[in-house]
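Numbering (the working numbering), first residue to last: 12 to 640.
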């Protein structure tokens with residue numbers, strides 16, 4: 012398909028956008044010179060998927076992106092690597108243009124990823140500019156050097172901004188209009204937001220959706236103008252393929268497929284296949300949303316649904332209250348608040364104190380993850396339990412049941428692990444990770460492959476049983492022939508995993524205490540001496556480095572790199588002062604919770620004074636008022 016071509020006319024938005032972009036490239040030319048250059052720009056309209064030029068092509072000019080988005084890929088060593096995106100107001104192709112009249116060649120392949128309008132400046136016009144304004148060439152050289160330097164300093168491709176979001180139901184019967192209107196209200200908290208429907212488009216451009224109709228470009232310009240005037244644009248589509256759907260998908264940065272609770276996986280798969288058949292490459296990223304009428308009815312059967320529709324982030328959204336819809340808006344805009352929790356044995360009760368402080372301060376939690384005991388807490392947050400419900404279950408499971416006391420012949424492990432397994436299955440039942448209200452992951456350590464195992468699917472109890480399996484204390488969990496043990500061994504504070512899973516503002520809670528393991532003794536007692544002291548002088552037993560505590564301590568030593576990364580990269584890093592508690596102090600859970608609460612409350616008071624955008628009190632109220640039974 013050849014691009015549509017025209018010229019920039021007048022002093023409208025396109026001319027202003029082109030002038031601003033060219034001033035960055037050529038420097039401080041006078042207004043008359045810039046206006047002359049803009050008048051010579053040739054305007055091209057390209058559809059999603061079209062190649063602007065390929066790596067190695069002759070450099071015949073540069074392009075100014077007036078609307079849309081391009082992606083830049085470099086082919087080297089038999090691999091094709093995405094190196095960046097070019098958005099509105101930026102230029103592309105100036106490097107090849109600057110290389111010389113005859114020798115310039117494209118250094119990368121550039122493809123349209125969202126329907127785009129470009130301004131093209133030919134080599135002849137460029138040469139005329141340089142001849143009449145020599146300083147423009149010097150500025151262009153500095154501009155290119157800065158762009159290359161900035162790209163190297165970033166070290167990796169940044170994610171493009173999500174602005175145009177398509178909302179599409181996977182079944183005709185779902186009330187997508189009402190859902191979209193509620194989502195628009197939630198989006199207004201994040202910025203200026205427009206909601207566009209097919210009815211509005213047809214009312215203004217009656218024949219614009221007909222193939223090759225002249226008003227098609229008018230509709231494209233209208234969509235571009237809406238994007239200019241707003242931070243986010245919601246494009247509402249129907250469940251069946253249509254010209255309007257195709258137009259929206261061509262402009263989409265993200266597609267959100269919405270379905271009601273209980274939709275048959277086969278119906279969802281067939282509907283998605285019909286939509287996919289209309290898409291061109293590159294396809295926009297996708298997200299799946301399951302809408303639930305009530306907050307009190309736990310999701311079910313999500314695993315089968317996700318296996319049917321394939322890859323993509325998934326969220327459960329309760330239509331009762333505002334919590335779920337507002338969370339979806341934050342996730343879509345990259346402003347989710349995520350919580351990552353470390354392991355630490357009994358010290359993990361401090362996480363409950365931190366959670367209580369977050370909720371009292373009005374800070375929502377949109378996604379959770381963790382390792383070892385931190386994953387236990389995260390899993391119960393994801394279930395939708397209130398603070399007191401989590402504490403009650405943990406008191407029963409650890410302070411009352413003593414899951415580490417079912418000793419066995421120490422061949423495979425010191426304890427059998429049956430009490431821990433029984434306790435997890437009692438409280439969690441058949442809950443699947445996919446059925447949790449919040450996005451969740453747990454990390455365990457794969458001894459067979461020496462890699463992290465990230466649990467995002469399957470039975471919740473089994474994932475948690477793996478991540479708390481202290482080596483030599485609990486027997487490993489066997490999964491697909493691999494041995495899985497405590498997640499703290501390889502990654503006790505998996506912030507980087509959360510960044511990849513749900514981008515947003517991350518809060519990391521670390522329970523490590525590096526200076527609490529020194530002893531005022533010259534040698535360790537024998538086992539019989541220890542038992543005698545435990546029976547007749549209990550005050551000394553806590554001060555001794557017994558097997559449990561040594562193993563628990565050793566599991567976190569290999570994760571110092573991850574902790575330091577989290578300390579540097581987390582938006583809020585919390586390290587409650589729990590050094591005074593042993594990792595096996597299950598009976599002191601109330602005191603540990605209080606320490607975590609007091610510490611987090613003080614830190615949050617200071618942090619939120621300058622980060623008010625973290626607060627959403629109405630949602631936290633909703634989440635505490637309506638809970639899973």
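Here a beta-carbon is modelled for each residue, glycine too, at the ideal position from N, C-alpha and C.
query: For the region 505-524 against the region 345-357, do three or more pairs of beta-carbon atoms, one drawn from each stretch, fall closer than 8 Å, so that the two count as touching?; result: yes
query: Evaluate residue 308 with the Cβ neighbour count: other Cβ atoms within 10 Å of its Cβ, from every protein chain shown; 16 or more gives buried, anything less gives exposed.; result: exposed
query: Give me whichever residues DSSP pairs with residue 179 in a beta bridge.; result: 268
query: In this structure, what does DSSP give as the bridge partners for residue 330?; result: None; residue 330 has no bridge partner.
query: Is the CB-CB distance between residue 606 and residue 361 below 8 Å?; result: yes
query: When the Cα atoms are used, what is the spatial distance from residue 272 to residue 301?; result: 6 Å
query: Is the region 290-301 close to the region 58-78, with three or more CB pairs under 8 Å?; result: yes
query: Which whole-angstrom value is the C-beta distance of residue 442 and residue 476, which I expect to be below 8 Å?; result: Actually they are not in contact, since the Cβ atoms of residue 442 and residue 476 sit about 13 Å apart, beyond 8 Å.
query: Between which residues of its own chain and residue 180 is the CB-CB distance below 6 Å, once the five residues before and five after are set aside?; result: 187, 250, 269
query: Which residue from 400, 276, 392, 439 puts its Cα closest to that of residue 448?; result: 392
query: Do residue 182 and residue 317 have their beta-carbon atoms positioned less than 8 Å apart in this structure?; result: no
query: Using 8 Å for Cβ pairs, my map puts residue 243 next to residue 299. What's the rounded Cβ distance?; result: No, residue 243 and residue 299 are not in contact; Cβ-Cβ is about 19 Å, not under 8 Å.
query: Please list, in chain order, all residues of the same chain as residue 126 whose beta carbon is under 6 Å from its beta carbon, the five residues on each side excluded.; result: 58, 59, 79, 261, 262
query: Within the continuous beta strand (DSSP E) that includes residue 464, where are the two ends?; result: 462-466
query: Tell whether a beta-carbon distance below 8 Å holds between residue 81 and residue 54.; result: no
query: Should the region 509-524 be called in touch with the region 581-590, which here means at least 3 C-beta pairs below 8 Å?; result: yes
query: Is any heavy atom in the ligand PLP found nearer than 7 Å to the beta carbon of residue 345?; result: You won't find the ligand PLP in this model; it holds no ligand whatsoever.
query: Mind checking who residue 123 pairs with in its DSSP beta bridge?; result: 81
query: Roughly how many angstroms separate the alpha carbons of residue 159 and residue 83, rounded to a whole number?; result: 14 Å
query: Based on the DSSP secondary-structure assignment, which residues constitute the bridge partners of residue 39?; result: BP columns for residue 39 are empty, so no partner.
query: For the pair the region 457-473 and the region 320-339, tell me if three or more CB-CB distances fall below 8 Å.; result: no
query: Given this structure, state the Cα-to-Cα distance separating residue 339 from residue 71, to the nearest angstrom.; result: 44 Å
query: Sort 246, 314, 93 by Cα distance to residue 174 and report the nearest one.; result: 246
query: Helix, strand or coil: which one does DSSP assign to residue 145?; result: helix
query: Are the C-beta atoms of residue 248 and some chain B residue less than 8 Å apart?; result: In the displayed structure, chain B is absent; only one protein chain is listed.
query: Under the three-state reduction of DSSP, which class applies to residue 62: helix, strand or coil?; result: strand
query: So, using beta-carbon positions, are residue 9 and residue 152 closer together than 8 Å?; result: This structure does not reach residue 9, given that the chain is present from 12 up to 640, and the question cannot be answered.
query: Select from 374, 330, 35 the residue whose C-alpha is nearest the C-alpha of residue 193.; result: 330
query: Our contact map puts residue 40 next to residue 131 with C-beta atoms below 8 Å; I'd like the distance itself, whole angstroms only.; result: Not quite, the Cβ-Cβ distance comes to about 19 Å (not below 8 Å), so this is no contact.
query: Is DSSP giving residue 386 helix, strand or coil here?; result: helix
query: With a threshold of 8 Å on Cβ separation, who are the neighbours of residue 178 within its own chain once the five nearest residues in sequence on each side are excluded?; result: 187, 190, 191, 194, 245, 246, 247, 248, 267, 269
query: Taking all protein chains shown into account, do 16 or more other C-beta atoms lie within 10 angstroms of the C-beta of residue 601, making it buried, or fewer, making it exposed?; result: exposed
query: For residue 215, which option in 93, 230, 327 has the closest C-alpha, if you only look at C-alpha atoms?; result: 230
query: In this structure, how does DSSP classify residue 625 when only helix, strand and coil are distinguished?; result: helix
query: Quick one, which of 358, 623, 208 has its alpha-carbon nearest residue 233's?; result: 208
query: Between the beta-carbon of residue 409 and the beta-carbon of residue 597, is there less than 8 Å?; result: yes
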